[in-house]
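Inspection log for the structure reproduced underneath, given as structure tokens.
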Amino acid sequence: MDTRWNYDLYIDGQWTAAGQRKTISVINPATEEPIGQVPEATVEDARSAIAAARRAFDEGPWPFMKPAERGARLKKMAEILDARHAHLRELIVAETGCAGMMVDAVQCGGAIGIGHFNAEQAQGLVHWIESSPPTGGPGGVAGSAVVRE
């Protein structure tokens, strides 16, 4: 078993050791070999995590930040994930059995790319093009109109 991928739950800013918790073996579907252990979260764990997230949002700095500040934080997060891309790719391939190309395009690379885009959008670096108004009127068998965007 690859013990590099044994994780605890992260709730309310702290790692919670498995301790008396049950654990779940994570199996690589391509090899059917175990690749790690994770704690089996309970309903109470989920409630604690949800309450902590709500409290962090309501009482933390995020709701009081200007969009540019939020964008800077999102950018930093995307950069951290980018730096760990190879590790995340290896983990996702092992956990899901997915082809590395798909992980790069969607599950890891694509998600990190969206993180960068959202950071740029929050910082005002992305400019939207306004939709054009419909041209012409309804026509054809369906009586539909073409909208140019």
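Per the working numbering: the sequence shown = residues 3 to 151.
We treat Cβ as the ideally placed atom computed from N, Cα and C, and that holds for glycine.
Going straight from the alpha carbon of glutamine 22 to that of valine 40, what length do you get?
13 Å
Which residues mark the beginning and the end of the beta strand (DSSP E) in which threonine 1 is found?
As displayed, the chain neither begins before 3 nor continues past 151, which places residue 1 out of reach and without an answer.
Could you check the C-alpha separation between arginine 72 and glycine 102 for me, to the nearest Å?
31 Å
Pick helix, strand or coil for threonine 98, following the three-state DSSP scheme.
helix
Quick check: the Cα distance between glycine 115 and alanine 53, rounded to an integer number of angstroms?
29 Å
Please classify alanine 96 as buried or exposed, where buried requires at least 16 neighbouring CB atoms within 10 angstroms.
buried
Excluding the 5 residues flanking alanine 80 on each side, which residues of the same chain have their C-beta closer than 7 Å to its C-beta?
Ile114, Gly117, His118 and Ala121
Beta-ladder partner(s) of glycine 38, from DSSP
Val28
By DSSP, does leucine 127 sit in helix, in strand, or in coil?
coil
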